[in-house]
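Heads up: the structure comes next, in structure tokens.
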Amino acid sequence: MKAYLVLFLLGLAQLPLPAPAFAQAARRASPPQPQRPGPDTAGVRRLLARAQELRATDAAQATKLSYQALALARQQHDARGEGEARLAISIGLRRQSQFEPARTYALQAQRLFQSRADSRGQGKAWLQLSLIHMLQGNPAPALAAALKGLPLAEKAGDAQTVTRLEANLGDIYYSMGNYAEALAVLRVVLKRGERSGDKQVVLTALNGLGNSYEQLRKWPQALAYYQRALALSRELGDTSGEIGNETSLAQVHGMLGHQAEALAHGLRARQLVQATHDDYNLPLVQLMLAQAYLLAQQPDSALALAHQSLTLSKQARSKDNIRKAADILARAYALRRNFEQAYRYRNLHMAYNDSLSGEDTQRRTSALRYEYELDRKQAQINLLTKTRELQAQTAARQRMQLYGLLAGLLGVVLLAALLLRNIFLKLRTNRRLREKNVEIAAHRDTLDRTLTELKTTQAQLVQREKMASLGELTAGVAHEIQNPLNFVTNFSDLSVELAAELEMELAKEPLTVGGKHTIDQLLQELTQNQSKIHEHGHRADLIVKRMLEHSSSSNGEPQVTDLNALVEDSLRLAYHGWRAKEKNFTAVLISDLDPGMLPLRVVPQDLSRVLLNLLTNAFYAVAEKSRQLGETYRPEVCVQTRRTASTVQILVRDNGNGIPAGVQAKVFQPFFTTKPPGEGTGLGLSLSYDIVTKEHGGSMEVESEEGKYSQFRISLPVSVNEMAQQI
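Residue numbers (mature numbering (1 follows the signal peptide of the UniProt record, and there is no 0)): -23 to -1, 1 to 704.
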């Protein structure tokens, strides 16, 4: 793919002429000054600028305009314009593959620039000569020309030409198989081009890097650089560059066995060549298409294209293209089993391959590099000689520097005085800072005391919330215990009456059969009454025990607990506790308890407090909505228990007013409440959340729709027993 890189190097030399030439024309076009008039070079510059615009699309017309510029420059005795015109003619002829006359005009331009001691112009001329030799497949003279132009461009400070010459050196190293050296040079060129914004240089470096990686068979890197180069060519409107990149992509896809992609890129390249009516790139495109057809096992199409490319390449004396065409023809004839022709073209391929990369070429390259290094050393010696001549002048300057040093010393004294003043000011500032630190420490201590008081107040509020919960529990228990106590009282009174009747019957003498039957009946009823008294007394005892359990301080020890019974008791206690506050309150209670619920190790007192808190909030919500809607509203409070594979869930749901969506995320925060002032501390849900999450390792979530319902979900892990044992 070497020739594709050269395509873009050719474009580097086609940018506008340096600013000084056009500036000179502008100066001559300015109003006349009192000096000797010079030739009017504006016409020459206009013709050259127009030729440069047409060079990429119509090389023949561009060359014609360059000839006109040359004639005008010679007529006006404009030596600089003549050199630039000859250089432009060389570029145009090279674009038309007329390499010999192109080389002649480039040499003439170089001699003109040399006679004027124009280092910048000489650097550009040597760049063109190097490109022409590369297109003809002669890397040794190409390297020689590049090495001659490089120091001249460096001397002139022409960074653009230096970068392009270095890019051409990378191409030369590539063409000779020294891919590591080519990569090193081209990476530097790419960075310089990106830093300076020279997109033509960037394009050249991208193509060179893609070519080198292709030869190293690093296909992903090669494809990446070619694709970047193709996009940049389209951005610049560089049809020649676009053709080269399409051809390169066809080549890489062909090597990877991607037949469709290879043919697509090759056909696109041929369309671009046909659209430009320029045969300059046609041999390369035909080679890549032939390669793609050969990959697709279509040797006839490959042979036709390769023969056409070989003919055009021989006319242009492009050794690299001849070598590639011979290789494709050899393989295509072998595929058709025409081994005589295959052998013939294989020998041709080997001959040109040896010519391009033989040992003689390598030796000549090394010799040229040594000569270049020797010239650089000689330049250093000349520089040292000039340095000695300047030493005398340096001594005089040193005397002046001594005077300056004395003046500087005086300045140092003044600076020291200023520094002493600054030190004094800093000491005073530090003293003030220490005083401020003492004040800050005092404020910090005050804030610490305030924080301690706040924590104490918070603890008192938490205890108050617990006592309020205990009061609600006590009210519910009192209502619960009232019923069995009424039974005990009634059956006790009835037993007294039965005992009196029994005494009267026993006082009768003699006992009749009917009297004995009456006595037996009274004894039986008395026994039943005593049984009822015992039953309801035991019930009252259980209620009192539960009340004590709920009201006692939790020791944090988990116990095996019937979760369904705990939920049922909490629902009943919360309901009766709320009715103790509001006598006329009624609600539909729904218990949906999982019959398969197994006993669970929890802290029953704490979990009961959580349930009482949630249920009390639920009764509050439905009571508020009942007061708003009246008899049309049917309050409902539902509790559910569920067991899944990994959790045990308790759900408390009401059909009250719900919780606004904007505050649902805050309901578990301490001191946050949606109740009116004085009706809640905002600690109930916060304490409940801590009990569920921290004490039992579970989670607590709220789901609500304002005006419709609220639901709290408690999820306890099945492994809560293990967690409870660790608490």
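Note that the Cβ used here is the ideal one computed from N, Cα and C, for glycine as well.
Neighbour-count burial assignment, residue i, 16 or more Cβ in a 10 Å radius
| i | result |
| --- | --- |
| Leu25 | buried |
| Ile417 | exposed |
| Ser623 | exposed |
| Gly58 | buried |
| Met481 | exposed |
| Ile400 | exposed |
| His242 | buried |
| Glu474 | exposed |
| Phe76 | buried |
| Pro535 | buried |
| His494 | exposed |
| Leu428 | exposed |
| Leu410 | exposed |
Cutoff 6 Å; reference residue i; Cβ partners in own chain excluding five residues on either side
| i | result |
| --- | --- |
| Asp569 | Gln617 |
| Asp571 | Thr618, Arg619, Arg620 |
Option in the options with minimal Cα separation from residue i
| i | options | result |
| --- | --- | --- |
| Ala477 | Phe562, Thr609, Ser547, Ile496 | Ile496 |
| Leu688 | Glu672, Pro637, Thr670, Gly674 | According to the sequence shown, residue 688 is Gln rather than Leu. When only C-alpha atoms are compared, the closest one is Pro637. |
| Tyr552 | Leu566, Asp539, Ala542, Leu540 | Leu566 |
| Leu261 | Ser295, Leu186, Asp470 | Ser295 |
| Leu592 | Lys301, Val544, Val580 | Val544 |
| Ala237 | Ala273, Arg205, Ser290, Ala267 | Ala273 |
| Ala303 | Arg313, Thr288, Ala293 | Thr288 |
| Asn590 | Ile668, Gln53, Ala419 | Ile668 |
| Val625 | Cys615, Val644, Val580, Ile691 | Ile691 |
| Ile627 | Leu387, Leu395, Glu678 | Glu678 |
| Gln641 | Val178, Gly554, Glu680 | Glu680 |
| Arg314 | Lys168, Pro276, Leu282, Ala283 | Pro276 |
| Ala206 | Ala373, Lys176, Leu396, Ala267 | Lys176 |
| Leu108 | Ile510, Tyr310, Ala119 | Ala119 |
| Leu540 | Ser508, Leu588, Gly554 | Leu588 |
| residue 790 | Ala28, Pro78, Asp35 | The chain is shown only over -23 to 704; residue 790 falls outside these bounds and no answer can be derived. |
| Ile299 | Gln251, Ser278, Phe316, Asp331 | Asp331 |
| Leu575 | Ala542, Lys602, Met232, Gly385 | Ala542 |
| His673 | Gly661, Gln582, Ser603, Ala600 | Gln582 |
Length of the line joining the Cα atoms of residue i and residue j
| i | j | result |
| --- | --- | --- |
| Met327 | Arg172 | 42 Å |
| Arg408 | Leu402 | 10 Å |
| Leu47 | Pro197 | 48 Å |
| Thr81 | Leu146 | 22 Å |
| Thr563 | Tyr597 | 12 Å |
| Leu70 | Gln38 | 11 Å |
| Arg97 | Leu31 | 24 Å |
| Tyr610 | Leu471 | 43 Å |
| Arg245 | Ala269 | 13 Å |
| Ala394 | Leu387 | 11 Å |
| Ser74 | Val178 | 23 Å |
| Val695 | Ser665 | 19 Å |
| Leu106 | Ala83 | 6 Å |
| Thr253 | Leu213 | 16 Å |
| Leu200 | Thr670 | 57 Å |
| Arg398 | Gln375 | 34 Å |
| Asn222 | Gln53 | 43 Å |
| Asp215 | Thr181 | 12 Å |
| Leu548 | Ser469 | 31 Å |
In DSSP terms, what residue i is bridged to
| i | result |
| --- | --- |
| Gln626 | Arg619, Ser692 |
| Tyr686 | Glu682 |
| Leu577 | Thr538 |
| Val61 | The amino acid occupying residue 61 in the given sequence is Glu; Val does not appear at that position. Per DSSP, none; premise fails for Glu61. |
| Asp215 | Per DSSP, none; premise fails for Asp215. |
| Asp631 | Val614, Ser687 |
| Asp569 | Gln617 |
| Met677 | Ile691 |
Neighbourhood of residue i by C-beta, 7 Å cutoff - its chain only, sequence neighbours within 5 removed
| i | result |
| --- | --- |
| residue 705 | Because the chain here runs from -23 to 704, residue 705 falls outside it and cannot be looked at. |
| Arg211 | Glu219 |
| Glu131 | Val139 |
| Val162 | Glu143, Leu146, Gly147, Tyr150 |
| Glu608 | none |
Sequence-distant residues of the same chain with beta carbon closer than 8 Å to residue i, five excluded per side
| i | result |
| --- | --- |
| Val165 | Glu143 |
| Lys685 | Asn632, Gly635 |
| Tyr202 | Leu183, Asn184, Leu186, Gly187, Tyr190 |
| Gln192 | Met(-23), Tyr151, Gly154, Tyr156 |
| Leu479 | Ile496, Leu499, Leu500, Leu503 |
Any C-beta of chain B under 8 Å from that of residue i
| i | result |
| --- | --- |
| Asn184 | The structure shown contains no chain B, having only a single protein chain. |
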